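Comments concern the structure below.
Residue numbers (this note's numbering), protein chains in the order written: chain S, 318 to 563; chain E, 7 to 902.
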């Protein structure tokens, strides 16, 4: 897996905060092989201390830590740093995920997760952090979004979107690969007053899917994160705006 | 009194002894320092013994020691822990008494209590100090105490005879018999008199004169002998008991049982003491019986009180006490004796005049005549001091009306006869007077009947016998007539009266039996405590005109339980109830303990434990001391206790059954969970281990397949864990629906994406109407439902067969259908598949818990929806989920 080396991930520091030795081992193995520099911390206070000492580029944070609540860790780190944080959590606690995202986390992973998912999310979050220059064109499979010219092409054919739909798609594209909570999207696109009206979002997503997806009942691009929000799928095999240092 | 068996000890006897030993071990031991007079040195000896104990390291306190200023006694108190006395305020005077609670709280090993026979000041918890001591013994505290021989209940009259002084403060023999140790403090009378002169003997100022009479040498010698003899008897008893337990054959006593009758007469007490002494010497048990005859109602209350006291006295002296009703005292007594294997009846020698004896054979003779095989001991009771207010027989109230009517009858009869003078001879006229007598006897009672008889004779004789209007008796025939009339009158009226009395007695008895029947019937139907309380209250009100209060224990403390709006009694009453509860004895109104309280408190006890306290207040004051009523109350309390125990046990049985059922279910659950957890783990472990083996010649493709399988199994395990967690939450009732407007297409696609791996070889067809509105539901949970249904569809249909997913709106309902091409389920089982552990029997033997469908059901129903299944003729099986469109519960009758 030397792709990451090509992408210049060498030297990227990832801090893993988890009390489970097996998970730490797994993460270190996978991330090491991708060329990341891995630091470990077994509990919340060590995690915060390490964050200060190591200044990682990304933090993988387990929510179920023994000493400090994961949310608290996020809040404390967010007080002085914008470092991307991906939380690891157990499936049942969807509310926890939303709270973590609202508290400042960038993305989440549900245990048990596979290496592919992990790397995809890491890359999605890192892209933003490492390269602030927004990419002009998003392309994945049959979908192409040209942010500069405000054009959306599906299988080569241009489609017409309403302004709201376009804004929505653009938000998703600029955060490709990362999850966006309902609140975040509503606030961003419609404004703070719409935060309690998720059905507006659903309807628009539904419309968008119909236009953009080949089979809207099996969406391939706009993915629903149940109970949390939406995520635009990103392809990291060389594309999807992820021209990280090409 | 302990029964000494007639042959060698049976196993039962040994067991009884063992039990008694056990009980004794739990209770405190009483050691008595016995003397024959004040001043022999009992307190001194007790204190000396106490000091010795203290030297040996035993925890001793002087709970109540009266030194009366004697220096030597005071000296002995030094070094001993002396508990302060409680001061009871009685009419402005502070009287020192034993502080019971202080001792109970202090809990020494041994307490020294002086003067066991002392009467406590009014307002104390108990009437007598020996009752206080009994509380200590029950609490496990050993007690050393002093007592004089004249305080023994059974010897009270003998001592009175000897000394001329009646001692009022007595101690029941029962307590003294149970004493673990008796130490006789003996000095010669001369020495005692010496000490008296030296001023070493305490004499209360008021009693100087009486005690001078007491301290005569003759008295002292007799008393000394009495005390020595008593101690000897006790030693003898101990020896016998020893011999019995070790089966040493000795002179076994034949089994005697004595009986004495309590009648409320002044002789009863004396008779009882005599019987007690006899019983003591014979080592026989004895019973005291009170026979209630129907004429009782007219008795003054005093007498009833006296009878009650006498019965208690008998009980204190160790007798078995019973109350029976009957019309004839002698019949009832002999009857009882026969039934209870009495060998000797003790009666007092009567001293009525000869004449009265002829007219009314005294009871003694009746008893002797009827006693058959039973011996009758006739004892001399001595000079009769008539105690005040003792009516010996019921006195019917004087009714003027009766006599007037009697006169009227005679007048009427005379008139009638006068009218018939020309037709009948005088002899026949007598018949009319006879009729009058009979009428009077039946209607008016004995005395008016006798009056009529007498007046009739006079009238007849005066008016109609030749030599009219004179009183010369001409023929002796007429004397015969007179006697006949008189006899008829008396006999008939007596018969009628007796018949009525018998009927009354039977009625009373019937009422009491009926009330017991009603309460047992009502309690049998009562299943729980409130029902029991209700039944008891109803019956008490109807049968006894009493109001009950209920107290039940709440962990350690007794709590008043309100029943139908009763008010909680105040703290003092509560304390009495508490006492009754802890000491397993009746307390309160009408008892010797805390008798000034408003209510009478009976502990509800069964053989095993005490379940509470029943307090009651009678509307009729006399009831508290009536033996009949008390027995009835005890019966009520006993029944209530049994009913409560039964309710309690029934509940326990029910809980045990529930527990057993739950345990069975849990075991089944654990077994199947274990299977479902272990199976995928087994696959994963197997695959990983085989991949780790370097030597296996697995090609790349094989390895990929294995890895894929392992990955699938891991996903399957994950889904199972999710189901398990959901089930736990559903069971605990903590499923909180996070309802939000959801898009059905989104829901289905989420479920499909979770099942992506499973569905990769299967076509999944989705049919949705274009304009499905948003439906409120908990998306996460409903996704789980669809995932479970899809999993089932995959599991139970042929591989690569199609799965159909449809959704549509049906008026106010949303319908989602998932159809597979599998064989389906037996029609008879089609509803049961949603039960928790149901497993469809599959030939391939793929087992597993039926959790999936039951969780679907739980979640769907939590949304107010319905879920059911359908077989399709030919091929196919569909599960249908119906949800309310607007989040309202589905009405019955829709769908299915």
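Cβ atoms here follow ideal geometry from the backbone N, Cα and C, with glycine treated the same way.
Everything numeric in this text was worked out from a predicted model, so none of it was measured.
Under a Cβ-count criterion, where at least 16 other Cβ atoms within 10 Å of its own Cβ denotes burial, should residue i be classed as buried or exposed?
i              : result
residue 267(E) : buried
residue 879(E) : exposed
residue 282(E) : buried
residue 862(E) : buried
residue 245(E) : exposed
residue 547(E) : exposed
residue 871(E) : buried
residue 492(S) : buried
residue 354(E) : buried
residue 694(E) : exposed
residue 603(S) : Here chain S covers residues 318 to 563 and nothing more, so residue 603(S) does not appear.
Would you report the Cα separation of residue i and residue j, rounded to the nearest angstrom?
i              : j              : result
residue 299(S) : residue 495(S) : Any answer about residue 299(S) is impossible in this case: the structure gives chain S only from 318 up to 563.
residue 502(E) : residue 418(E) : 23 Å
residue 194(E) : residue 185(E) : 25 Å
residue 550(S) : residue 780(E) : 24 Å
residue 526(E) : residue 629(E) : 21 Å
residue 680(E) : residue 413(S) : 30 Å
residue 581(E) : residue 410(E) : 58 Å
residue 583(E) : residue 662(E) : 33 Å
residue 314(E) : residue 561(E) : 36 Å
residue 384(S) : residue 364(S) : 11 Å
residue 865(E) : residue 746(E) : 15 Å
residue 457(E) : residue 508(E) : 24 Å
residue 220(E) : residue 170(E) : 8 Å
residue 620(E) : residue 835(E) : 55 Å
residue 890(E) : residue 565(E) : 51 Å
residue 179(E) : residue 17(E)  : 29 Å
residue 569(E) : residue 556(E) : 8 Å
residue 379(E) : residue 344(E) : 9 Å
residue 496(E) : residue 528(E) : 47 Å
residue 450(E) : residue 426(E) : 26 Å
residue 97(E)  : residue 32(E)  : 40 Å
From the DSSP output, in three-state form, read off residue i for me.
i              : result
residue 605(E) : coil
residue 334(E) : coil
residue 566(E) : strand
residue 329(E) : strand
residue 821(E) : strand
residue 740(E) : coil
residue 334(S) : strand
residue 171(E) : coil
residue 466(S) : coil
residue 545(S) : coil
residue 193(E) : coil
residue 876(E) : strand
residue 514(S) : coil
residue 292(E) : strand
residue 42(E)  : coil
Among the options, which residue has its Cα nearest to the Cα of residue i?
i              : options                        : result
residue 183(E) : 159(E), 489(E), 191(E)         : 159(E)
residue 651(E) : 597(E), 520(E), 572(E), 532(E) : 532(E)
residue 263(E) : 887(E), 284(E), 724(E)         : 284(E)
residue 164(E) : 181(E), 276(E), 133(E), 536(E) : 276(E)
Counting Cβ pairs, one atom from each stretch, are 3 or more of them under 8 Å apart for the stretch 290 to 297 of chain E and the stretch 323 to 330 of chain E? A contact exists between the stretch 290 to 297 of chain E and the stretch 323 to 330 of chain E.
Contact the stretch 713 to 732 of chain E vs the stretch 472 to 487 of chain S: 3+ CB pairs below 8 Å: Verdict: no, contact absent.
Touching by the beta-carbon criterion (3+ pairs, under 8 Å), the stretch 134 to 152 of chain E and the stretch 77 to 84 of chain E: Not touching, per the Cβ criterion.
Determine, using beta-carbon pairs with one atom in the stretch 517 to 527 of chain S and one in the stretch 436 to 445 of chain S, whether at least three such pairs fall under 8 Å. Judged by Cβ distances under 8 Å, the stretch 517 to 527 of chain S makes no contact with the stretch 436 to 445 of chain S, as fewer than three pairs qualify.
Report yes or no: do three or more beta-carbon pairs, one from the stretch 106 to 124 of chain E and one from the stretch 51 to 71 of chain E, lie closer than 8 Å? Judged by Cβ distances under 8 Å, the stretch 106 to 124 of chain E makes contact with the stretch 51 to 71 of chain E, as three or more pairs qualify.
When the Cβ atoms of the stretch 448 to 462 of chain E are set against those of the stretch 513 to 529 of chain E, are three or more pairs found closer than 8 Å? Contact fails: fewer than three Cβ-Cβ distances are below 8 Å.
Segment contact flag, the stretch 753 to 769 of chain E with the stretch 790 to 807 of chain E, C-beta cutoff 8 Å, min 3 pairs: Yes: at least three Cβ pairs fall under 8 Å.
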